[in-house]
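Numbering (my numbering), first residue to last: 3 to 1191.
1. Taking Cβ to Cβ, would you say residue 33 is nearer than 8 Å to residue 130?
2. Spell out the partners DSSP gives residue 1144 in its beta bridges.
3. Excluding the five sequence neighbours on either side, which residues of its own chain have a C-beta within less than 6 Å of the C-beta of residue 926, listed in chain order?
4. Helix, strand or coil for residue 1092 per DSSP?
5. Can you give me the Cβ contacts of residue 12 inside the same chain, cut-off strictly under 7 Å, excluding the 5 residues immediately before and after it?
6. In whole angstroms, what is the alpha-carbon distance linking residue 399 and residue 406?
7. Provide the residue span of the alpha helix (DSSP H) that contains residue 92, from first to last.
8. Cα-Cα, which of 335, 1144 and 1030 is closest to residue 788?
9. When you measure from the CB of residue 644 to every non-hydrogen atom of the ligand MG, does any distance come out below 7 Å?
10. With respect to the alpha helix (DSSP H) encompassing residue 763, which residues constitute its N-terminal and C-terminal limits?
11. Quick check: the Cα distance between residue 582 and residue 588, rounded to an integer number of angstroms?
12. Please list the terminal residues of the continuous beta strand (DSSP E) segment that includes residue 310.
13. Which residues in the same chain as residue 980 place their Cβ atom closer than 6 Å to its Cβ, once the five residues preceding and following it in sequence are excluded?
14. Would you tell me roughly how many angstroms separate the C-alpha atoms of residue 16 and residue 988, rounded to the nearest one?
15. Less than 8 Å between the beta carbons of residue 517 and residue 508, yes or no?
16. Could you tell me the alpha carbon to alpha carbon distance between residue 1088 and residue 918, rounded to whole angstroms?
17. Under DSSP, the alpha helix (DSSP H) around residue 512 begins and ends at which residues?
18. Of the residues 1081, 1144, 1094 and 1127, which one's Cα is nearest the Cα of residue 1116?
19. For residue 448, which residues in the same chain have their Cβ closer than 6 Å to its Cβ, ignoring the five residues on either side in sequence?
20. Report the option in 662, 513 and 358 whose CA atom is closest to the CA atom of residue 578.
21. Does DSSP put residue 910 in a helix, a strand or coil?
22. State buried or exposed for residue 713, treating a residue as buried only when at least 16 other CB atoms are found within 10 Å of its CB.
23. Please classify residue 368: does DSSP put it in a helix, a strand, or coil?
24. Is residue 354 near residue 365, with beta carbons less than 8 Å apart?
25. Which first and last residues belong to the beta strand (DSSP E) in which residue 290 is found?
26. Return the bridge partner residues of residue 107 from the DSSP annotation.
27. Can you tell which of 468, 490, 463 and 215 has the C-alpha that lies nearest to the C-alpha of residue 371?
28. Is it a yes or a no for the segment 828-841 touching the segment 956-974, going by three-plus beta-carbon pairs under 8 Å?
29. Check for me: the beta strand (DSSP E) holding residue 269 runs from which residue to which?
30. Classify residue 797 as buried or exposed, calling it buried when 16 or more other Cβ atoms lie within 10 Å of its own Cβ.
31. So, at 6 Å on beta carbons, what are the nonlocal neighbours of residue 10 in its own chain, with the 5 sequence-adjacent residues on each side left out?
32. My understanding is that residue 743 touches residue 769, with C-beta atoms under 8 Å, so please give their C-beta distance in whole angstroms.
33. Have a look at residue 503 and residue 488 and give me their C-alpha separation to the nearest angstrom.
34. If you pair each beta-carbon of the segment 294-302 with each one of the segment 93-107, do three or more pairs fall below 8 Å?
35. Please state whether DSSP places residue 770 in a helix, a strand or coil.
36. Please list, in chain order, all residues of the same chain as residue 392 whose beta carbon is under 6 Å from its beta carbon, the five residues on each side excluded.
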């Protein structure tokens, strides 16, 4: 329906009439509803142009007046604008508003002059009121009221809606609507100019044209009827009819186009731009200024001209690069080609960092955290000469068990032992060395006041930050690729297997992985059970306030946001600030970690320390602080011996240095060159009779050995044969006592133990090793560990992709022929990709979860899975409303707890399995994929794929290449720095608005937060304890808390139960069956099916006992501890506890039993083999796959 010119109208039913009133009239609304879906009003001025438009859509109100657009409670807006399901954007010479809400769609278009148009859905037929008529499909009954035909002005008077303080008199002057015949021919000719073949009826427009001609200030002029010709042109274009370029400079011109754009009467409103040259949409054409064919709009430069795509510039971090320009970053060079970056990866060193006390990032960029007190193998590699190994010493630095920090780094080989600690360097004979120190092809020197560097000639480089927090950065050359083991991971480019233990199996949690690399007899590492910030609200607020400098706009860190996502550093900063007693050094360490990653990408953040209280470094003497310092040419020593201190770093190092032209001498003074000493070997030591305090005990330097007073904690009583107690107070032939007692775990690491001090304790007799239970066994009897359980010699376990056998304390693993991976979409926008990357988003559009056919040559895709997300909480969180699965011509839609299948595809086999809690689809695309799709009929959806080809997959579920690092690969093939950019690129409809931030519903709702944390804590409780070692629980706990806070428009318990069920399901995948539901907590009512039978086909049930057996019961899983041929899920089952329902045989079948190893069990849990499954036969079991359907 539209209005144009001085007062012409065309209703929804295409009836045309004229009315020129200047009051406020309802243009279109839904009749007789208290809160209609839409209500659009307009007012014409005395100049007959439209002066104001009001668009009410539920709670949102948009007002267009004097060319500016304002939204209630937001104010004046800039275009394009997207919020709450409403989008407003330029559309050629017009402006278009599109509203897409849960229950309606509507389009409104206007031109800030004389034109207004509304498009309504068919479902409003017969329900509309206003100047647009009743939309009942009949043209001639618009003005009929109670069987009387009204005049135009009487009909209009019914639609009048005065402003609050106004009484507008409706003009009762009937306008002459009798057209002059003399203009009929010229009007027909003019309309033919616009489009001779258009199927929109011309008669009404000929009459409107004649009226324009006679009411004109100069009657009969062609320009009198421009508005009617424009409307005819628009209606033809909207009917997808051919329209000519009928305007000329002197006839109905709409003004000149800017720069090199050309005027088109029928151009595509989907503007192709440099930032999106592929953009296409199915919209009708419109009039306006457009780029000539073959060119795109340069929306990156300021001048917005039309350029050929090869002339498109590129942007990076807000800076514009000309076409053909290259940009060098760490490890890659990129060239700007056709508006996109074409990047080549350079051979690049591997970097592993130990930061903030307890955080480690592996060579393959996997971050983790642990709290252990021990010496650990950081890196061992066959590429290191003389059997070299790098180790890290962690010590307790506070009262709580999680206050552990890195305190020293040890490099040990058959030739050297070098210990770098907070203030000293020790060598193999435990002597303190003054830096610099040189031995063979290793040099250790002080690069700045904050960093000690170890430089080698064999491709290993170590930078150790000694203050304020002891941190270490390991850099290795590319010759180490795939040849490292230890806490720094295996450097093979695959993130998923970084937790490779010393027993050659990949663990699920960091603490178990770390424990396997202990290089001494120490306690296991502990997981911090609670969030350290939960203990004190004050600490939490202080931590969040100080750390938020990382994520805020307008700070020194902002210029790096586009390159490095600050969120993980922010979380690390808050954790450290709450976990450690000394807050500020740890906050500064987290900020410094971010700054360091930025400078590795080529962005040095100058002055970040001064932007934060307590982070500035004070320099002694006349030294000055610099963000890029080095020892070379700044110390006296580097002048006399360049080989010792001239080893530059590729990532800038910060610290105090001497001003240019002065040099650091042996007394740490900056002196002129003429005052520099020349160096000889020098040593540092404690003088005799001086004391030092270690572990709370005072130790004196006596006869060249530390003699300590204090009582050993564990007396000999605790030792049982065949162990014997060794005490440090006795004179020993082995001066380190029990520090290096032989354990099975150390046998697995295959590394000589490095004692740092004498320990008293129980030791196994010679030739025996201590196993997990504290017993002593010969080497061949050493057990293997996995998931916190011990397995004896010859026992087998099966993981999703491997079958592993225990031999001499190590796992020997064989790849299975088929391997699968799962992508989870659950709760309020949580996704875990196929490669294990996690993120949350709050988009309300349709997004591609997974599809194939993404490689460069764009093959035809054989499947595509799309989720439609809508707002489902007051804070703006969104959840999945429906899932669409496209398999060629076969479509399956999941919505409203049921599914619909349409079309067919004989090349795809599928089977549907129903269960009270889930719908399960087995889909086989022969030669390509076996998929199992599991939907819990609400918001949780799991895609489990095993593929037969290495076909690339893309979408929100990531690219399934085993590497978590590049999972945020956008549609344009570059890896986004944050999840929002990535999510926005996978929208189905490009016009749908982008997501700019992720809501935190708990901060908006503190009362719900306490409830959410209390109820979700079941995940951390003993109920799930059997799974804690197999699956890291923290992300699931956090997701549960967020969902329970955000789910505030009904169904909150359902949201919480769904979130806990996701953790239970992931545990079940790892073989741990947890019976967590109770009659009070998230119950499932399976007994219903004992007393109700299904009637007919629409899944309705009628009451009536179907038998007396009452066989339906809830089960957390099928066939615990046995082989089960389907994907195991909880649900209502009607087979006995040792049977399962076979979908092929359509009856209950007995479970297949396998012999079990000894398994520790709590009363509520049992361990399952589906992965890892167990059998102690030595034959290699084959995985049962679903038979062909």
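Built from N, CA and C at the ideal position, the CB exists for glycine as well.
In brief:
1. Yes. Within cutoff.
2. 1149
3. 911 and 932
4. helix
5. Short of 7 Å from the beta carbon of residue 12, and not among the five residues preceding or following it, lie these beta carbons of its own chain, in chain order: 3, 4 and 18.
6. 5 Å
7. Careful: residue 92 lies outside any alpha helix (DSSP H), inside the beta strand (DSSP E) at 88-93.
8. 1030
9. In the structure on display, the ligand MG does not appear, and there are no ligands present to speak of.
10. Residue 763 -> not in any alpha helix (DSSP H); beta strand (DSSP E) instead, spanning 763-766.
11. Near 7 Å, if we compare the C-alpha coordinates of residue 588 and residue 582.
12. 308-310
13. Same-chain partners within the cutoff: 567.
14. 39 Å
15. no
16. Distance between the alpha carbons of residue 1088 and residue 918: 8 Å.
17. 512-517
18. 1081
19. 437 and 454
20. Here the closest residue by C-alpha is 358.
21. In this structure, residue 910 counts as coil in the three-state DSSP scheme.
22. Residue placement at residue 713 is flagged as unreliable, the pLDDT there being 48, under the threshold of 50; the coordinate-derived value follows with that caveat. Exposed, since its Cβ has fewer than 16 Cβ neighbours within 10 Å.
23. coil
24. yes
25. 288-292
26. Answer by DSSP bridge pairing, in chain order: 102.
27. 490
28. yes
29. 264-269
30. buried
31. Excluding positions up to five away in sequence, the list reads 20 and 210.
32. In fact, because the Cβ distance is near 13 Å, the residues do not count as touching under 8 Å.
33. 7 Å
34. Flag = no, the segment 294-302 and the segment 93-107 do not touch.
35. coil
36. The answer, listed in chain order, is 380, 381 and 413.
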